[in-house]
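**Q** The structure is given below, and queries will be raised subsequently.
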Amino acid sequence: IRVLTNSGWSENSDYAYESTMTSAPSDSPRNVIASVVPVDHYSAEIEVIFDPPTTPNGVITKYEIYYTESSSEDSTLR
1 IRVLTNSGWS
11 ENSDYAYEST
21 MTSAPSDSPR
31 NVIASVVPVD
41 HYSAEIEVIF
51 DPPTTPNGVI
61 TKYEIYYTES
71 SSEDSTLR
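Here the UniProt record's numbering is used: position 44 in the sequence shown is 44, and no number is missing along the way.
Structure (structure tokens):
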């Protein structure tokens, strides 16, 4: 940076470098969809797709997905 006055231009200022620390995302993943994918007659898998958070605040290195087993045959996936 330099300044212009009636006397002319000042010398350039020293360079300054700054960066911010990374932190947890500001929001959750978006557009989360979970689907049951049958594997065979006795088992199935859950496929989860989603869009990343709008503001990641750094590089996201992993996602953790938690689930609870249900004994009901007519339960809703949440």
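Ideal Cβ positions, reconstructed from N, Cα and C, are used throughout, including at glycine. Predicted model, so just to flag it, every value in this text is computed and none were measured.
Please name the residue in 26, 18, 70, 3 whose C-alpha comes closest to that of residue 58.
**A** Answer by Cα proximity: 26.
**Q** Is DSSP giving residue 45 helix, strand or coil here?
**A** It is a strand residue.
**Q** Kindly provide the ranges of any beta strand (DSSP E) runs that are 3 or more residues long and lie completely inside the stretch 1-55, ordered along the chain.
**A** If we require 3 residues or more, the beta strand (DSSP E) runs fully inside the stretch 1-55 come out as 30-38, 44-51.
**Q** Is the beta carbon of residue 52 less than 8 Å from the beta carbon of residue 65?
**A** Contact: no.
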